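First up is the structure itself, then whatever we jot down about it.
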DNA sequence: ATTAGTGCTTGCAAAATGCAATAACAAATA
DNA sequence: TATTTGTTATTGCATTTTGCAAGCACTAAT
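Chains as they are written, first to last, in my numbering: chain B, 2 to 134; chain F, 2 to 134.
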């Protein structure tokens, strides 16, 4: 990494993923089963290719995602979460919960409803799901 | 607000605070008892004045913070968290926990240790503290 | 041999950020 | 009253990041 602004853990975290795109890529991998560059590009927020390349490389450098050649298609790369990346789950869940609570236009779907009913249970469930893949 | 990128609650949340500075201002109010423009300026990350003004106005427009004239000094403004702002607590806590876990140079202080030992308890405790002020 | 899929680069315009200086205003002080 | 200090905010300018469109390199499939 370049340089940190301070030794505050919040500041250090934001140095890594404090932007409008990084956590959306994490969301795609974590909650939507997306694995590849072209799948990330298709998300409804329409990330630009140069931003996507840049964020993936930062996330890889920070060891939040790992990049491997696809076993089924040698010209394709597969991105997956590392342990450090999986540990972003509670942050993602809390941001989702807050967003759903305060945006009338953000309907809670399956996971959103589960979070509202039993947040700790939802986190636990998804942790297990993520660790076993 | 301008326009949202999608109706995903994570995306909508990041539309509001997905940058390197907004959550640091929230941190200052929430965990460090800072109240005023000049106190925010003093934080070790050294936010620029134009960014600070801009973020405070966005946070106020989003009803995350409220701005009032100081009762003790009529030429001073006091910023405080609204209910919506207080609800950012779990996000702040999770980001702090992740940052402390994965940055060797980010020592856990009081709150950090409390989070590691009993995260749910720490959140509950700070919720009560924030609601009663 | 051509076409389609996949990941990535480049160029350029627009927007955001960083930095330094300074303004507007109120309160305190000389 | 005049001056200084404290507080919030603006401005100008350089730098960096982002957004967008086009295209490149390579592999796989037809």
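Every residue gets a Cβ at the ideal spot worked out from N, C-alpha and C, and that includes glycine. Quick caveat, the model's predicted, so the values are computed rather than measured.
- Sequence-distant partners of residue 68 (chain F) (beyond 5 residues in either direction) whose C-beta falls short of 7 Å from its own C-beta, in its chain, are 61, 78 and 80.
- The continuous stretches of alpha helix (DSSP H) do not include residue 65 (chain F), and DSSP gives it neither H nor E.
- In this model, residue 132 (chain F) and residue 42 (chain F) are separated by some 25 Å (Cα to Cα).
- Not flagged as an interface residue toward chain F: residue 29 (chain B), since no C-beta distance is shorter than 8 Å.
- Scanning F:71, F:121 and F:104 for the CA closest to the CA of residue 90 (chain F) turns up F:121.
- By the beta-carbon neighbour count (other beta carbons within 10 angstroms, threshold 16), residue 58 (chain F) is exposed.
- According to DSSP, residue pairing for residue 82 (chain F) in a beta bridge involves F:66.
- Look at the beta carbons and you see the segment 4-20 of chain B touching the segment 18-25 of chain F: at least three pairs across the two are nearer than 8 Å.
- Straight-line measurement puts the Cα of residue 74 (chain B) at about 30 Å from the Cα of residue 93 (chain B).
- Counting only the Cα atoms, residue 5 (chain B) lies some 18 Å from residue 29 (chain F).
- Judged by their CB atoms, residue 35 (chain B) and residue 64 (chain B) are not nearer to each other than the 8 Å cut-off.
- Excluding sequence positions up to five before and after residue 16 (chain B), its CB lies within less than 6 Å of the CB of 5, all in the same chain and listed in chain order.
- Using a Cβ distance threshold of 8 Å, residue 102 (chain B) and residue 119 (chain F) do not count as a contacting pair.
- For residue 100 (chain B), the enclosing alpha helix (DSSP H) begins and ends at 90-103.
- In this structure, the straight-line span from the alpha carbon of residue 116 (chain F) to that of residue 46 (chain B) is close to 34 Å.
- In the three-state reduction of the DSSP assignment, residue 37 (chain F) falls in the coil class, being assigned neither a helical nor a strand state.
- In the DSSP assignment, residue 10 (chain B) falls within the unbroken alpha helix (DSSP H) covering 10-18.
- Contacts with chain B at 8 Å (Cβ-Cβ) include residue 101 (chain F).
- Residues of the same chain with a CB within less than 7 Å of the CB of residue 127 (chain B), apart from the 5 flanking positions on each side, are 90 in chain order.
- In this structure, residue 100 (chain F) lies away from residue 20 (chain B), with their beta-carbon atoms at least 8 Å apart.
- In the displayed model, residue 49 (chain F) falls within coil according to three-state DSSP, outside both helix and strand.
- The closest CA to that of residue 56 (chain B), considering only B:130, B:38 and B:123, is found on B:38.
- Near chain F, meaning a CB-to-CB distance below 7 Å, the residues of the segment 75-98 of chain B are 85, 88, 89, 91, 92, 93, 95, 96 and 97.
- For residue 11 (chain B), the residues of chain F that pass the 7 Å Cβ criterion are 24, 25, 28, 93, 96, 97 and 100, in the order they occur in the chain.
- Interface annotation, residue 15 (chain F): in contact with chain B, CB-CB separation under 8 Å.
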